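Residue numbers (the numbering used here): 8 to 354.
Quick reminder that beta carbons are idealized off the backbone N, C-alpha and C, glycines included.
The model shown is predicted, which means the values in this text are computed figures rather than measured ones.
Working notes, structure below.
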């Protein structure tokens, strides 16, 4: 029997052959949501529509897709657009300061790698925020307003025991950490604005040696081969101690408010975090790379960051799907269940 596909809701009139773009797996109010964009046909070619569809990932639902390629066999990857802070409000002509929003790529450009075409990378106002504390005057008025809001500093530790320091705005708490898929995380300080928190972040890296980046492929490998829960938590405590010591020696221009506020996984993350339990952990097997196979079909059971937990018929044989590798790729709906060597995947 052909399973009902979660993606059918995105193709009510176009049928199973309707093309969409997998934009990203997002977290909205602590729930995983697939953000997709329909492709529209014009002059014999397909172009991004500029409209984004949000599909909640219902536990137990089937999700199947098949990646599209051009005549040369290359996947169809499209620019994700850019962020701006100049969104006009509904009632005035005044920019809605402090509310970054994504704008579709005006050219609907195809790209070979990354997330943006060169033009959208140049248009992006959010990028400058990462270094604005080093280069004053580089922010637009809207981004200056956003940067003036309270921000937090956190330490996130992953299942392989490595950690990173990061920042989130008050408005993006806890969503920012929901997107990161840490094993454990703690907010350790609050700053009055985004520039001060980034100065503190740099100090933790410079003095304490705590990195600011953990690449997605490395996170994925960590989830497949986690350390014991006690080892992960010990590593987290040590990194927090290192970070706090670094902040005491940093001579920051603006004071921070110390915090010790643990981040907690949401109920939607229960299945992946069962793999990290202190007692009777439930391991996750590797789902074949969708980028390599070009197709996928599975039943959703949960998510963590950009990763989905799933099974292909046996709920006890849990698999981890890395959706980040198909961000911004075009696909059509597929109703075939993937065949996975469960024995190899789990052991």
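Please give the ranges of any beta strand (DSSP E) in the segment 44-93, keeping only runs that are unbroken, at least 3 residues long and fully inside the region. The segment 44-93 contains these whole beta strand (DSSP E) runs: 52-55, 60-63, 69-74 and 89-91.
Considering only the beta carbon of each residue, do residue 305 and residue 345 sit closer than 8 Å? Contact: yes.
Whole-angstrom Cβ separation of residue 72 and residue 338, contact assumed at under 8 Å? Residue 72 to residue 338, Cβ: 4 Å. Contact.
Assign residue 16 to one of two classes, buried (16 or more other C-beta atoms within 10 Å of its C-beta) or exposed (fewer than that). Classification of residue 16: exposed, given that the 10 Å Cβ count is below 16.
Is the Cβ-Cβ distance between residue 263 and residue 210 less than 8 Å? No, the Cβ-Cβ distance between residue 263 and residue 210 is not below 8 Å.
Hey, residue 160 and residue 188: beta-carbon distance below 8 Å or not? No. Outside cutoff.
Alpha carbon of residue 243 to alpha carbon of residue 48, nearest angstrom: Taking the straight line from one Cα to the other gives about 50 Å.
So, with DSSP's three-state summary, where would you put residue 333? Three-state DSSP puts residue 333 in a helix.
Does the structure place the segment 318-328 close enough to the segment 276-296 that three or more beta carbon pairs sit under 8 Å? As far as the Cβ criterion goes, the segment 276-296 touches the segment 318-328, which means the pair count is three or higher.
Which same chain residues end up closer than 8 Å to residue 320 when comparing Cβ atoms and leaving out the 5 residues on each side of it in sequence? Within its own chain, the residues whose Cβ lies closer than 8 Å to the Cβ of residue 320, once the five positions on either side in sequence are excluded, are 306 and 344, listed in chain order.
Which residues mark the beginning and the end of the beta strand (DSSP E) in which residue 267 is found? Boundaries of the beta strand (DSSP E) around residue 267: 264-270.
Three-state secondary structure (DSSP) at residue 125? Residue 125 falls in the helix class under three-state DSSP.
Straight-line Cα distance separating residue 44 from residue 55: Each residue's Cα considered, the two are about 7 Å apart.
Sorted by chain position, which residues of the same chain lie with C-beta nearer than 7 Å to residue 249's C-beta, five sequence neighbours on each side aside? When the five nearest sequence neighbours on each side are left out, the beta carbons in the same chain lying within less than 7 Å of the beta carbon of residue 249 are those of 215 and 217, in order along the chain.
Quick check on DSSP: helix, strand or coil for residue 164? DSSP, read as helix, strand or coil, puts residue 164 in strand.
What are the partner residues of residue 316, as DSSP defines its beta bridges? DSSP links residue 316 through a beta bridge to 309 and 327.
Residue 186 CB to nearest heavy atom of the ligand SAH below 7 Å: In terms of ligand content, the structure shown is empty, and the ligand SAH therefore cannot be addressed.
Given this structure, state the Cα-to-Cα distance separating residue 10 from residue 68, to the nearest angstrom. In a straight line, the C-alpha of residue 10 is about 9 Å away from that of residue 68.
Quick check: the Cα distance between residue 287 and residue 76, rounded to an integer number of angstroms? The alpha-carbon atoms of residue 287 and residue 76 are separated by roughly 43 Å.
Leaving out five residues on either side along the sequence, give the residues of the same chain with a beta carbon under 8 Å from the beta carbon of residue 99. The predicted position of residue 99 is uncertain, since its pLDDT is 39 and thus under 50; a value taken from the coordinates is nonetheless stated next. Hits under 8 Å: none found.
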